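Report on the structure given below.
Protein chains: 2
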Amino acid sequence: MKKKSYYPSNVYLNGEIVRAEAAKISVFDRGFIFGDGVYEVMACIKGHFFYKQAHMDRLKRSMAAIGLQADVRVLEAAIPGLLQESGLKGKDCLLYIQVTRGMAPRQHSYPVGTRPTVMMYAWPKVLPDQNPNPVPVVLREDFRWSRCDIKMTSLLGNVMANQNAAEQGCYETIFERAGIITEASHSNVFFVKEGVVYTHPADHHILDGITRQVVLELCEKLEIDVHLQGIPAVDIFDMDEAFLTGTSTQITPINSIDGRELHTYQQGPVTQKLQQAFSGVKNSL
Amino acid sequence: MKKKSYYPSNVYLNGEIVRAEAAKISVFDRGFIFGDGVYEVMACIKGHFFYKQAHMDRLKRSMAAIGLQADVRVLEAAIPGLLQESGLKGKDCLLYIQVTRGMAPRQHSYPVGTRPTVMMYAWPKVLPDQNPNPVPVVLREDFRWSRCDIKMTSLLGNVMANQNAAEQGCYETIFERAGIITEASHSNVFFVKEGVVYTHPADHHILDGITRQVVLELCEKLEIDVHLQGIPAVDIFDMDEAFLTGTSTQITPINSIDGRELHTYQQGPVTQKLQQAFSGVKNSL
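From first to last, the protein sequence lines stand for chains X and G.
Using our numbering, read the first sequence as starting at 1276 and increasing by one per residue.
Using our numbering, read the second sequence as starting at 1276 and increasing by one per residue.
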């Protein structure tokens, strides 16, 4: 299940907006040598960024976690110009932001006084009002590090896991760590059983997705019970509903895991209720 | 304990040798976006690469592990020209080799038909005949992924661990996983107790260092007993000797862990014997 991707027209790179093909960095950038960086992806819907402050706050937390200092206000201020140059002003799009530690001769420990490399680009993307199609996923052991709460660019583990899914015609790989479902390679995982919503608590083993947070808020508003609790992998086929959340994934129902139908519902009532409420949040922007 | 590092004069990049400041890649290189690449570091001593074939074989294994295809013979053939251009022909130096999946619009799963980005550079480095000075290290939980056998560029975990050591004036962080010492952030760890050498087996939790392999061969030659067995973290202060191995670390004795003197020897007899034998191997090149 390969998703189509495109290059953007323009890239913001360290204060300048350049054509995508001219956006180049030194091979000595620590983002290239060590995966020493962090990132965010935000959706812009009808000219408004969805939960922008939450994304910016998380970017700051990711940077702080790896001792990287960059002025988030400067990059935030550059976003309107980038959208304008990219022909996306007022249009639906996704924005990618990446901050790496910058250029330095190779040594593992952080160099002193480097200028972080800040890169952003946006590309047109109209997200469906609600993601209608349930997707198949595969399950595998969570072999990634124990700081999945940091949204970093050292993503080879996630890349390998997502490739594993794609090769089996699936959208995602969901992970189990010590027998408990944590999250997926680029999305969070929720289950529903007898009207109660379950998802892994936001500890070091998952990325606390913004869409995950919105869904938890919506559960509260809709008076749906939530247990912040990872579901044992042995119990997943006993669940009534399951869905993924993420910035472009939004709320996407899961219909099978490792080729086995997950539940009796293709798109369960709680999932549908949350999708409708999520759509309402977007439309109220 | 910051090590001094320098930029090289020249860089080999996708078939061309350019000045270091002109060595640039696209921001869409998956090495920059995802840490989607592998690498090697080799020492050249008196004009000969130390265990070159072993490094090249490991590079091929790392690439295979992440489904990356590049012709290692092509890059190998380019090394003499790079050394010549860098003014390092016949000189002692270190060579860095990095292969990333190349440029593609961002999506986690592997894109089809990208051209890998191959980058190499060398810089002058005369390694001491034997590393004389014992170094202090710190100990922390191994929070990295479970495929440490792949020599990949998604190294943020190793970077953070090495930074942790540097901030405490130490050379390395050694890791414990589930109470067992695995390896260090960019080197392998050995212990000696009553004449027996202990090191973690080469499973998915360590990088099977070339110097580690040479030391194990030397143990066999010197009739030193080896147990391929990780030492419990609670037992490290009962060990007689401890040392690190690595391409530039060579064989370096450890004298303290977390500020506590490790053993009665600054540089134990088994460590010394191995250092002398290692020096002999280098001098026989």
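Every residue, glycine too, gets a C-beta built ideally from N, C-alpha and C.
All of these numbers come straight from a predicted model, not from anything done at the bench.
Below-8 Å beta-carbon distance, Phe1466(G) vs any chain X residue
no
Tell me Arg1535(G)'s beta-bridge partners as DSSP assigns them.
Ile1532(G)
When Cβ atoms are compared, which residues of the segment 1348-1378 of chain X fall closer than 8 Å to chain G?
In summary, the residues of the segment 1348-1378 of chain X whose CB is separated from some CB of chain G by less than 8 Å are Tyr1371, Gln1373, Thr1375, in the order they occur in the chain.
My understanding is that Lys1565(X) touches Tyr1314(X), with C-beta atoms under 8 Å, so please give their C-beta distance in whole angstroms.
For residue 1565(X) there is no data in the structure shown, the boundaries of chain X being 1276 and 1560.
If the cut is a Cβ gap below 7 Å, which residues of chain X does Ile1341(G) touch?
Within chain X, the residues near Ile1341(G) are Leu1431, Met1435.
Gln1438(X) touches chain G at which residues, Cβ-Cβ below 8 Å?
In chain order: Gly1342, His1383, Ser1384, Tyr1385.
My guess is that Ile1372(X) and Met1395(X) are in contact by the Cβ rule of under 8 Å, so how many angstroms apart are they, rounded?
5 Å
What is the rounded straight-line gap between the Cα of Val1490(X) and the Cα of Leu1357(X)?
30 Å
Taking only three categories from DSSP, how would you classify Ser1337(X)?
Three-state DSSP puts Ser1337(X) in a helix.
Thinking Trp1420(X) and Pro1283(X) are a contact (beta carbons under 8 Å), I'd like their distance in whole angstroms, please.
The Cβ separation is near 29 Å, so there is no contact.
On the three-state DSSP scale, how would you describe Met1435(G)?
helix
Kindly identify the DSSP beta-bridge partner or partners of His1502(X).
Tyr1473(X)
Neighbourhood of Thr1524(X) by C-beta, 6 Å cutoff - its chain only, sequence neighbours within 5 removed
Ser1462
Where His1323(G) sits in the DSSP three-state scheme
DSSP places His1323(G) in strand when its eight states are reduced to three.
Under the three-state reduction of DSSP, which class applies to Val1302(X): helix, strand or coil?
Taken through DSSP and simplified to helix, strand or coil, Val1302(X) comes out as coil.
By how many angstroms is the C-alpha of Thr1448(G) removed from the C-alpha of Leu1430(G)?
14 Å
Beta carbons nearer than 8 Å to chain X: which residues of the segment 1446-1477 of chain G have them?
Under the 8 Å Cβ criterion, the segment 1446-1477 of chain G contributes Ser1460, His1461.
How big is the Cα-Cα spacing for Met1317(X) and His1330(X)?
7 Å
Per DSSP, what are the beta-bridge partners of Leu1414(G) in this structure?
Ile1449(G)
Can you tell me whether Val1545(G) is helix, strand or coil according to DSSP?
helix
Separation of Ala1352(X) from Lys1299(X), as counted between CA atoms
Here the C-alpha atom of Lys1299(X) lies approximately 22 Å from the C-alpha atom of Ala1352(X).
Nearest-angstrom beta carbon gap, Val1434(G) and His1383(X) [assumed within contact, 8 Å]:
With a Cβ gap of about 5 Å, His1383(X) and Val1434(G) count as contacting.
Distance cutoff 8 Å, beta carbons only. Does Ser1337(G) sit that close to anything in chain X?
no
Alpha-carbon to alpha-carbon, Gln1344(G) and Thr1375(G):
10 Å
For Pro1399(X), which beta-bridge partners are listed by DSSP?
Cys1368(X)
Closest Cβ-Cβ distance between Ser1523(X) and chain G: below 8 Å?
No - not a single Cβ of chain G is within 8 Å of the one on Ser1523(X).
Three-state secondary structure (DSSP) at Ala1440(X)?
helix
Inter-residue Cα distance where the pair is Gln1547(G) and Ile1354(X)
Each residue's Cα considered, the two are about 59 Å apart.
Cutoff 7 Å; reference Thr1389(G); Cβ partners in own chain excluding five residues on either side:
Arg1376, Gly1377, Met1378, Ala1379
Let me confirm a value: Phe1512(G) is counted as buried when at least 16 other C-beta atoms fall within 10 Å, else exposed. Which label applies?
exposed
Compile a chain-ordered list of the residues in the segment 1409-1424 of chain G whose CB is closer than 9 Å to at least one CB of chain X.
Hits within the stretch, in order: Glu1416, Asp1417, Phe1418, Arg1419, Trp1420, Ser1421, Arg1422.
So if I threshold CB-CB distances at 7 Å, which residues from the segment 1286-1300 of chain X count as touching chain G?
Val1286, Leu1288, Ala1298, Lys1299, Ile1300
For Glu1495(X) and Leu1350(X), what's the separation of their Cα atoms in angstroms?
33 Å
Thinking just about the alpha-carbon of each residue, which of Cys1319(G), Arg1535(G), Arg1422(G), Met1514(G) is nearest to the one in Asn1558(G)?
Cys1319(G)
Would you kindly check if the distance between the Cβ of Ser1460(G) and the Cβ of Ala1440(G) is under 8 Å?
yes
Among Tyr1281(X), Lys1335(X), Val1293(X), which residue has its Cα nearest to the Cα of Glu1360(X)?
Val1293(X)
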